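Each remark here refers to the structure printed beneath this line.
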Amino acid sequence: MDDMESGVVKKFMFVNRKPPHGTVYALEVLEMVLISAAFDQDVHLAFLDDGVLQIKKGQTPAGIGVKNFSPTYRALEGYDIEKLYVEAESLAERGLTEDDLLVDVEVISRADMGKLMAEMDVVLTA
Amino acid sequence: MSILHTVNKSPFERSCLDACLGHAQPGDSVLLMEDAVIAALSGTAFEGKMADAAKTLKLNVLGPDLAARGLDPARVVSGISVVDYAGFVDLAAETKATNAWL
């Protein structure tokens, strides 16, 4: 019997560190997150370093010929993915505040982010 | 004649911008594009470095890449010009060579 059938719930964390649009990492992680929602796991999303730019308000990538996937972050709530964490230092380094973000998040310190990661069973960073 | 230097990686992740600024000669042009556009914004950890560079280099940032990322052109460090794709072509045409700091 595998973990899914036995009802084992693990703590998953997807750690986003890349800015959106320049590479495909942000979109690929978002797709992994959506898939993970189907398996009833305890999913956490972390945004740190340039990853905080993934949830910046006002993205309009039509001018560079790229799909605007940023509204999808707002839909995560509908999949019961509500544990979103943003690193305070990463926002500050980029001149951003919580008001610049398009979803409700918990802003935590780098030190607390490290502790949170340590509590996870599975961590995937991209 | 001067050179156009293009930088397309985030300065928070790679050292391309530092390498470019360390080698560009006075009067050269620099264009921040793709993931490098974050370096053009005021209030970031790179604001001082860009303000210094603007004293000797012609600094530019690609507008469509700012818009894609939801970054306000009005928040660009003073001394950095926002250009569109036609402006990119003009920059390439008015310099003798282009150096892409990939």
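Chains as they are written, first to last, in the numbering used here: chain A, 1 to 126; chain B, 127 to 228.
Cβ coordinates follow ideal geometry from the N, Cα and C atoms, glycine included.
Bear in mind that the values here come from a model prediction, so they are computed numbers and not experimental data.
C-beta neighbour in chain B for residue 110(A), strict 8 angstroms | In the first sequence, the residue the question calls residue 110(A) occupies position 110. No, because no Cβ of chain B sits closer than 8 angstroms to the Cβ of residue 110(A).
In angstroms, rounded to a whole number, what distance separates the CA positions of residue 1(A) and residue 68(A)?
-> Mapped onto the first sequence, residue 1(A) falls at position 1. Mapped onto the first sequence, residue 68(A) falls at position 68. Its pLDDT being 49, under 50, residue 1(A) is placed unreliably by the model, and the measurement read from it follows with that caveat. Straight-line Cα distance between these residues: approximately 40 angstroms.
Residue 128(A) - containing alpha helix (DSSP H), residue span = Here chain A comprises residues numbered 1 to 126, so residue 128(A) is not present and cannot be evaluated.
List the endpoints of the continuous alpha helix (DSSP H) containing residue 149(B).
-> Counted from its first residue, the second sequence places residue 149(B) at position 23. Unbroken alpha helix (DSSP H) run through residue 149(B): 142 to 149.
Got a sec: is the Cβ-Cβ distance from residue 71(A) to anything in chain B below 8 angstroms?
-> Residue numbering aside, residue 71(A) sits at position 71 when the first sequence is read from its first letter. Cβ-Cβ to chain B under 8 angstroms: no for residue 71(A).
Grab the span of the alpha helix (DSSP H) containing residue 192(B) for me, first residue to last.
-> Sequence index remark: in the second sequence, residue 192(B) carries index 66 (1-based). Here the alpha helix (DSSP H) through residue 192(B) covers 189 to 194.
Is DSSP giving residue 120(A) helix, strand or coil here?
-> Sequence index remark: in the first sequence, residue 120(A) carries index 120 (1-based). Note: residue 120(A) maps to coil in three-state DSSP.
So residue 100(A) and residue 57(A) are in contact, right, with Cβ under 8 angstroms, and what is the actual spacing, rounded?
-> Within the first sequence, residue 100(A) is the residue found at index 100, counting from 1. Within the first sequence, residue 57(A) is the residue found at index 57, counting from 1. Rounded to the nearest angstrom, the Cβ distance from residue 100(A) to residue 57(A) is 6 angstroms, consistent with a contact under 8 angstroms.
Could you tell me whether the Cβ of residue 140(B) comes closer than 8 angstroms to any Cβ of chain E?
-> Structure shown: chain E not included; protein chains present are A and B.
Rounded straight-line distance, which links the Cα of residue 54(A) to that of residue 125(A) = Along the first sequence, read from residue 1 onward, the residue named residue 125(A) stands at position 125. Along the first sequence, read from residue 1 onward, the residue named residue 54(A) stands at position 54. If I take the Cα positions, the gap works out to 14 angstroms.
What separation, rounded to the nearest whole angstrom, lies between the Cα atoms of residue 40(A) and residue 83(A)?
-> Stepping through the first sequence from its first residue, residue 40(A) is reached at position 40. Stepping through the first sequence from its first residue, residue 83(A) is reached at position 83. Taking the straight line joining both Cα atoms gives about 14 angstroms.
In chain B, which residues lie with their C-beta within 9 angstroms of the C-beta of residue 66(A)?
-> As a first step, residue 66(A) must be located in the first sequence, where it is residue number 66. Against residue 66(A), the close residues of chain B are 194, in the order they occur along the chain (beta-carbon pairs closer than 9 angstroms).
If you compare alpha carbons, which of 206(B), 228(B), 210(B) is closest to residue 182(B)?
-> Mapped onto the second sequence, residue 182(B) falls at position 56. The option with the nearest alpha carbon to residue 182(B) is 206(B).
Give the range of the beta strand (DSSP E) segment to which residue 202(B) is assigned.
-> For this step, residue 202(B) is matched to residue 76 along the second sequence. No beta strand (DSSP E) contains residue 202(B), which DSSP labels as neither H nor E.
Residues bridged to residue 224(B) by DSSP?
-> Taking the second sequence and counting its residues from 1, the one referred to as residue 224(B) is at position 98. Answer is 130(B).
For residue 125(A), the three-state DSSP class (helix, strand or coil) = Translated into positions along the first sequence, residue 125(A) becomes position 125. Secondary structure at residue 125(A): strand, using DSSP grouped into helix, strand and coil.
8 angstroms Cβ cutoff, residue 226(B) in contact with chain A = On the second sequence, position 100 is the one that residue 226(B) refers to. No - not a single Cβ of chain A is within 8 angstroms of the one on residue 226(B).
Starting from residue 86(A), follow the beta strand (DSSP E) in both directions and report where the run begins and ends.
-> One-based indexing of the first sequence puts residue 86(A) at position 86. Per DSSP, residue 86(A) is one residue of the beta strand (DSSP E) stretching across 83 to 87.
With DSSP run on the structure shown, which of helix, strand or coil describes residue 12(A)?
-> Here residue 12(A) refers to the residue found at position 12 of the first sequence. In the structure shown, the three-state DSSP call for residue 12(A) is strand.
Mind listing the chain A neighbours of residue 98(B)? Cutoff is C-beta to C-beta under 8 angstroms, in chain order.
-> This structure does not reach residue 98(B), given that chain B is present from 127 up to 228, and the question cannot be answered.
Between the CA atoms of residue 14(A) and residue 29(A) - distance to the nearest angstrom | Within the first sequence, numbered from 1, the residue matching residue 29(A) stands at position 29. Within the first sequence, numbered from 1, the residue matching residue 14(A) stands at position 14. Rounded to whole angstroms, residue 29(A) to residue 14(A) spans 7 angstroms at the Cα level.
Residue 1(A) - DSSP class collapsed to helix/strand/coil | Along the first sequence, one-based indexing puts residue 1(A) at 1. Confidence is the limiting factor: at residue 1(A) the pLDDT is only 49, short of 50, which leaves the residue's position unreliable and the question unanswerable from this model.
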